[in-house]
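J.: This is the structure I have questions about; it appears just below.
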Amino acid sequence: MAYKRNIDRLPIIPADAKKHNVTCHYCIVGCGYHAYTWPVNKQGGTDAAANAFGVNLAEQQPAETEAWYAPSMYNIVKQDGKDVHLVIKPDRGCVVNSGLGSVRGARMAENRRSDKTGTQQQRLSEPMVWRYGTWQPTSWADALDLVARVTTRVIDKDDEDDLFVSMFDHGGSAGGYENTWGTGKLYFGSMKVKNCRIHNRPAYNSEVHSTRDMGVDELNYAYEDYTLTDTIMLVGTNPLECQTNLFLNHMVPGMRNGAKVIIVDPRRTVTANACEVEAGADNVLHLAIKTGTDLALFNTLFTYIADQGWVDSDFIAASTLQGDVAVPLDEAHPAALGSFEMARAKCKMSLAEGASITGLSEADIVKAAEWIAKPKDDGSRRKCTTGYEKGIIWGNDNYRVIGALVNIGLATGNIGREGGGVCRLGGHQEGYFRPSDAHVGRPAPYVDQLIIGGQGKVHHIWANDHYKTTLNATEFKREYNRRTNMVKDAMDAHAGSSREELVDAIVGAINAGGLFSVNVDIIHSQIGQAAHVILPAVESGEMNLTSMNGERRLRLVEKYMDGPGNAKPDCLIAAAIAQNLERVLREEGRDAYADQFKGYDWKTEEDAFMDGYNSGNPEVTYDRLRAMGNNGVQEPVVGFENGQLVGTKRLYTDGKFTRHGREDGKALFCGGEWRGLQAPGKAYQRDNFAFLINNGRANVIWQNWFLDKANDFVSDRFPIPFIEINPDDMAELGVKAGDLVEVFNDVGATQALVYPTPTARRKETFMVFGAPNGAQGNIVNAGTNELILPNYKHTWANIRKISDAPASAADLSFKSMEYSAG
Amino acid sequence: MDRCDKLVDVGRRQFLRGGAIAAAATATAVALPAAPAKAAALARVDYPLNRLGNVADLKPNEPLDVAYPDENAPGVLLKLGTRVEGGAGPDGDIVGFSTICPHKGFPLNYVAADRTLNCPGHYSRFDCEAGGQQIWGQATQNLPQYALRVDEKGDIYAEGVDELLYGRLSNVL
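Order-wise, the sequence lines are chains A and B.
Per UniProt numbering, residue 1 is the first one in the first sequence, and the count goes up by one each step.
Per UniProt numbering, residue 1 is the first one in the second sequence, and the count goes up by one each step.
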């Protein structure tokens, strides 16, 4: 039976409850919510005067009412040390979501740690060190002293290459401007750590080098552009599931205003179905290309649009480079960049070639070109808003594919204008403010492979879980376990030793090839099982936190509850590490180096915000952001007038492109010709294994799976990751709905539940990514695109049955996920 | 835009008219509680015991509109034709659900072909053969299902609901 809470009544929010601004911290859309809190021994009433809504709650409320909240929006938590009721419900006044809640954000309250209701007991509440053969709780002082004493043994002034760092760079969740600054100041300011990586990729780099090199920031539009455009083009993205309220609150109104939709995706998603429901099937063009052939499609579209003369010549003349090549192809630039004509020559591809490579019909490619760029009957230009995401970011030939897509946007004058934009749809919110990372270099070091190769001595990890979400994960885990176990063994052998003896033993193990692992996280993660010191962090709402969303909308989440135990904001943990490093270095007589770790006397996250973000954006303060509420202000902030921060609705409205740093403000085109599967080892897998293991996210299990593995509603639906398989393929494999299968290839193996999917093409499966109990990354090979961008999407493997459905999956629904009107 | 507004209007009309729809469809089926339920003094809501229909009223895979626990809470009775966990009646195949989407309160439509309830508002889907499990969607709870009892005369009674109903902070108002 499906999970039911058997809750038939909830406490009513009293009229005098405290109300806090909250931006959902899960995905990049950043929906507005309000957190209401009130003392645990009080309650509101059904009379209008006795509740926060001012309505009679003894009556049934209508659809879309503000005066209702689901059990998932309620909890009992600590605030200033006292128990309070907590309700977190969507904010109708927020222009991002207009009162809509997603299946993720609308469970924020239920996903807070509560010692009263028992939710999220997995949250870390105190530091732990490896001691007596397991992890033992300890004080911050003890844990940080050990971290500092081991770390200072492997770093020195101007020589920090043995310290490896994995650190988030995003907003929301436990990221945000405060925390990226705290970690950034430590590793890029006080130190110059080169061997570092980001939470979702094995190097410290951009995911979208080419658009930036072309002068175009990847978040250049406003969400309202979807409602103002003639055509919505969605490439390698599934916004109904991954940016839900961007789709529901902006794309759907755009379709109802008459926008057509082009979807480029080898897989039919629920997004495609919903677009057909909203726009009508005739107004939706699903280009189900052969996987990985996006570049051929975009180059063909670019060629055809240019040949038809459907380009914006005035825009090209005024805003893009004239001449030939501005940036030649080299190790740091996987394609030449330059003028429109240069790119046109490089990218030239006929309809026949394009159709042959992509598997599409020429007619469909022409139709797409017309929907993007063919002038209207009255001669006016057509507007097109383009959104792209991991299908091409984690797909084939990242640099050239994204460049080719931006080419189309530039050629048609669709960047910097209403109803335009060529933008990432994004994962987390953003919230990046750090000292320069120029010392890291380009291409950046491939950190996971260096660790596998035995490099690095101390590893600081900030909310990264390589074990679930990296590529080549089978080998990585094996090697990481081996190296960290060497240190655990040494620590076990020195139980009862003095601190000095223990540090010597650890350093001995490190010098023999071991790795000392410090894990900062909100939960005891899978890679955290290998850690020697575990430091507990808080996340959004347990601290004040600022981030910006996919249209650069900056908001302050107000702290509405205490963090678990003595967990701290990451920025203050980074400060404490810096202070301990300074202390130990001084003890060791290394004063000049110790001096580099001054400047962390922050008491609060607001101090870190002022030290970092405010130093570059002096108009922006907590008080001013608080006053801007859940609508915040769109970055860049350009002033403060009449008590309001003044922002920027969309970038490049003046036709000057700046992201590449060129003083002339001219955008560059990308001249990248089609060259097949670019990353090493991909073609081999394709030719030697039966099934494409396409992969990505699903609505209910998105990037909040780390919390949701302890959420009954979610784990009841998908206790194990699913893999969508065509029923005819299932018959050949001899598997039924819900069967547990092993997915295996030349680099590893993983597991999933079979979800019958008639719309899946034969031999093309789709597996959910990032699962705690079936990591898709186990079977992704080590080969990356240039500039070290993983290509998760192009993975091939064989499939065999492990068992019938486990008990946890026996009663699941395996019906189609597509809405039907009946 | 128009379509959206209309959908919302449908929802509102249905609420405003309350049990009118349900009553019209099942004129003899809805029995109101003899006295208002006492909700105030107990730890759990005191559900009314309502007769929603008779086994003879049900045809396989044809929804019967009902309302529970009061006329402002539309729902449906279904005879699925195959025994399911939690099913009532001699064949163990009778189930009852709220038909208001627990996401934003839109009225659900029944798709007989795969025995699902579907929401035109934001495309959520619930499986009537799996306890109302949300197959896909935006609701943060599975579909509220009725606790049903069938007596020796074939009368079908509802005696409770297993999730909070949309639009009310107490299932019995």
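Glycine residues also receive a C-beta, built at the ideal position from the N, C-alpha and C atoms.
For B/Lys59 and chain A, any beta-carbon pair shorter than 8 angstroms?
T.: In the second sequence, the residue the question calls residue 59 of chain B occupies position 59. Closer than 8 angstroms: no.
J.: When you compare the CB of residue 179 of chain B with every CB in chain A, is at least one pair closer than 8 angstroms?
T.: Nothing in the structure corresponds to residue 179 of chain B, since chain B is present only between 1 and 173.
J.: Which first and last residues belong to the beta strand (DSSP E) in which A/Ser517 is found?
T.: Residue mapping note: residue 517 of chain A aligns to position 517 of the first sequence, counting from 1. Taken as a continuous stretch (DSSP letters only), the beta strand (DSSP E) holding A/Ser517 covers 516-521.
J.: What residue range does the alpha helix (DSSP H) around A/Arg626 cover?
T.: Numbered from 1 along the first sequence, position 626 holds the residue referred to as residue 626 of chain A. Segment 622-628, the alpha helix (DSSP H) holding A/Arg626.
J.: In this structure, does DSSP put A/Ile393 in helix, strand or coil?
T.: On the first sequence, residue 393 of chain A is found 393 positions in, with the first residue counted as 1. Looking at A/Ile393 - three-state DSSP - the assignment turns out to be helix.
J.: Taking beta-carbon pairs under 9 angstroms, can you tell me which members of the UniProt domain "Molybdopterin dinucleotide-binding" (693-786) of chain A lie near chain B?
T.: Contact residues of the UniProt domain "Molybdopterin dinucleotide-binding" (693-786) of chain A toward chain B are Ala698, Asn699, Val700, Phe713, Asp716, Arg717 (C-beta to C-beta distance below 9 angstroms).
J.: Against B/Leu173, what residues of chain A qualify as contacts under a CB-to-CB distance less than 9 angstroms, listed in chain order?
T.: Reading the second sequence from its first residue, position 173 is the one you call residue 173 of chain B. Residues of chain A passing the Cβ test: Thr46, Leu57, Ala58, Glu59, Gln60.
J.: Could you tell me the alpha carbon to alpha carbon distance between A/Ala473 and A/Asn481, rounded to whole angstroms?
T.: As a first step, residue 473 of chain A must be located in the first sequence, where it is residue number 473. As a first step, residue 481 of chain A must be located in the first sequence, where it is residue number 481. For A/Ala473 and A/Asn481, the distance between alpha carbons rounds to 12 angstroms.
J.: For A/Ala109 and A/Ala52, which I take to be in contact (beta-carbon distance under 8 angstroms), what is that distance rounded to the nearest angstrom?
T.: Against the first sequence, residue 109 of chain A aligns to sequence position 109. Against the first sequence, residue 52 of chain A aligns to sequence position 52. Not a contact, Cβ separation roughly 15 angstroms.
J.: Does the distance from the C-beta atom of A/Arg553 to that of A/Gln634 stay below 8 angstroms?
T.: Translated into the one-based positions of the first sequence, residue 553 of chain A becomes position 553. Translated into the one-based positions of the first sequence, residue 634 of chain A becomes position 634. In contact: A/Arg553 and A/Gln634 (Cβ atoms closer than 8 angstroms).
J.: Consult DSSP for A/Glu66 and reduce its assignment to one of helix, strand or coil.
T.: For the purposes of this step, residue 66 of chain A is identified with residue 66 of the first sequence, where counting begins at 1. Three-state result, A/Glu66: coil.
J.: Could you tell me if B/Met1 is buried or exposed, where buried requires 16 or more neighbouring beta carbons within 10 angstroms of its beta carbon?
T.: The residue given as residue 1 of chain B occupies position 1 in the second sequence. With a pLDDT of 33 at B/Met1, under the threshold of 50, the predicted position of this residue should be treated as unreliable, and no value is reported.
J.: Counting only runs of 3+ residues fully inside the region 374-434 of chain A, write out the beta strand (DSSP E) ranges in chain order.
T.: 384-388, 422-424
J.: Under 8 angstroms, Cβ to Cβ, is there at least one residue of chain A near B/Ser98?
T.: What you label residue 98 of chain B is simply residue 98 of the second sequence in a count that begins at 1. False, the Cβ-Cβ gap to chain A never drops below 8 angstroms.
J.: If we cut at 8 angstroms on Cβ distances, does A/Ala821 have a partner in chain B?
T.: The sequence position of residue 821 of chain A within the first sequence is 821, counting from 1. Chain B, which has a Cβ nearer than 8 angstroms to the Cβ of A/Ala821, makes this yes.
J.: With a threshold of 8 angstroms on Cβ separation, who are the neighbours of A/Gly611 within its own chain once the five nearest residues in sequence on each side are excluded?
T.: Counted from its first residue, the first sequence places residue 611 of chain A at position 611. The question names Gly, but residue 611 of chain A is Asp in the sequence shown. If the five residues before and after A/Asp611 are omitted, its C-beta is found closer than 8 angstroms to the C-beta atoms of Trp181, Lys185, Gly599, Trp602, all from its own chain and listed in chain order.
J.: Under 7 angstroms Cβ to Cβ from A/Ala143, same chain only, skipping five residues before and after it: list those, please.
T.: In the first sequence, residue 143 of chain A corresponds to position 143, counting from 1. Taking A/Ala143 as the centre and dropping the five residues before and after it, the same chain places the C-beta of Pro127, Val129, Val533, Leu535 closer than 7 angstroms to its C-beta, in chain order.
J.: For the structure I just gave you, are there three or more beta carbon pairs, one from the region 328-343 of chain A and one from the region 671-689 of chain A, closer than 8 angstroms?
T.: Judged by Cβ distances under 8 angstroms, the region 328-343 of chain A makes contact with the region 671-689 of chain A, as three or more pairs qualify.
J.: Count the other CB atoms, across all protein chains shown, that sit within 10 Å of the CB of A/Gly118; report buried if there are 16 or more and exposed otherwise.
T.: The residue labelled residue 118 of chain A in the question sits at position 118 within the first sequence. It counts as exposed.
J.: Can you name the start and end residues of the beta strand (DSSP E) that A/Pro334 belongs to?
T.: Looking up residue 334 of chain A in the first sequence gives position 334. From DSSP, A/Pro334 is part of no beta strand (DSSP E); its letter is neither H nor E.
J.: Given that a residue counts as buried once 16 or more other Cβ atoms are within 10 Å of its Cβ, and exposed if not, what is A/Arg762?
T.: Mapped onto the first sequence, residue 762 of chain A falls at position 762. Answer is exposed; the Cβ neighbour count stays below 16.
J.: Excluding the 5 residues flanking residue 831 of chain A on each side, which residues of the same chain have their C-beta closer than 8 angstroms to its C-beta?
T.: Residue numbering for chain A in the displayed model covers 1 to 822; residue 831 of chain A lies beyond these limits and cannot be assessed.
J.: How would you write the range of the beta strand (DSSP E) that B/Gln133 sits in, first residue to last?
T.: Taking the first residue of the second sequence as 1, we reach residue 133 of chain B at position 133. Start and end: 133-136.
J.: Which residue wins for smallest C-alpha separation from B/Leu80, given the options B/Gly89, B/Pro74, B/Ala73, B/Asn72?
T.: For the purposes of this step, residue 80 of chain B is identified with residue 80 of the second sequence, where counting begins at 1. Here the closest residue by C-alpha is B/Gly89.
J.: When we look at the beta-carbon of A/Val637 and count the other beta-carbons within 10 Å, is it buried (16 or more) or exposed?
T.: Numbered from its first residue, the first sequence carries residue 637 of chain A at position 637. Buried: at least 16 other Cβ atoms inside 10 Å.
J.: Spatial neighbours of A/Pro772 within its chain, please: C-beta separation below 8 angstroms, excluding the five flanking residues on both sides.
T.: Taking the first sequence and counting its residues from 1, the one referred to as residue 772 of chain A is at position 772. Contacts found: Lys468, Gln526, Trp705, Phe706, Lys709.
J.: Starting from A/Leu10, find everything on chain B with Cβ-Cβ shorter than 9 angstroms and list it in chain order.
T.: Translated into positions along the first sequence, residue 10 of chain A becomes position 10. Within 9 angstroms Cβ-Cβ: Leu164, Leu169, Ser170.
J.: For the region 26-52 of chain A, which residues have a beta carbon sitting closer than 7 angstroms to at least one beta carbon of chain B?
T.: For the region 26-52 of chain A, which is checked against every Cβ of chain B, not one residue is closer than 7 angstroms.
J.: Starting from the C-beta of A/Lys801, find all residues in its chain whose C-beta is less than 6 angstroms away, skip the five residues before and the five after it, and write them out in chain order.
T.: In the first sequence, the residue the question calls residue 801 of chain A occupies position 801. Val735, Asp739, Val741, listed in sequence order.
J.: Go to A/Thr765, then tell me how far its beta strand (DSSP E) extends in each direction, as first and last residue.
T.: Indexing the first sequence from 1 puts residue 765 of chain A at position 765. Per DSSP, A/Thr765 belongs to the beta strand (DSSP E) from 764-768.
J.: State yes or no: is the beta carbon of B/Gly137 nearer than 8 angstroms to at least one beta carbon in chain A?
T.: In the second sequence, the residue the question calls residue 137 of chain B occupies position 137. Chain A contact via Cβ: present.
J.: Take the Cβ of A/Thr211 as the centre, count every other Cβ of all protein chains shown within 10 Å, and call the residue buried at 16 or more, exposed below.
T.: In the first sequence, residue 211 of chain A corresponds to position 211, counting from 1. For A/Thr211, the number of other beta carbons within 10 angstroms of its own is at least 16, and it is reported as buried.
J.: Please list, in chain order, the residues of the region 495-519 of chain A that have any C-beta partner in chain B closer than 8 angstroms.
T.: Nothing from the region 495-519 of chain A brings a Cβ to less than 8 angstroms from some Cβ of chain B.
J.: Mind checking who A/Arg686 pairs with in its DSSP beta bridge?
T.: Sequence index remark: in the first sequence, residue 686 of chain A carries index 686 (1-based). Per DSSP, A/Arg686 has no beta-bridge partner at all.
J.: Compare the C-beta of B/Glu85 against all C-beta atoms of chain A and say whether one is closer than 8 angstroms.
T.: Indexing the second sequence from 1 puts residue 85 of chain B at position 85. Taking CB atoms only, B/Glu85 has a neighbour in chain A less than 8 angstroms away.
J.: Is A/Glu370 helix, strand or coil by DSSP?
T.: Looking up residue 370 of chain A in the first sequence gives position 370. The three-state secondary structure of A/Glu370, taken from DSSP, is helix.
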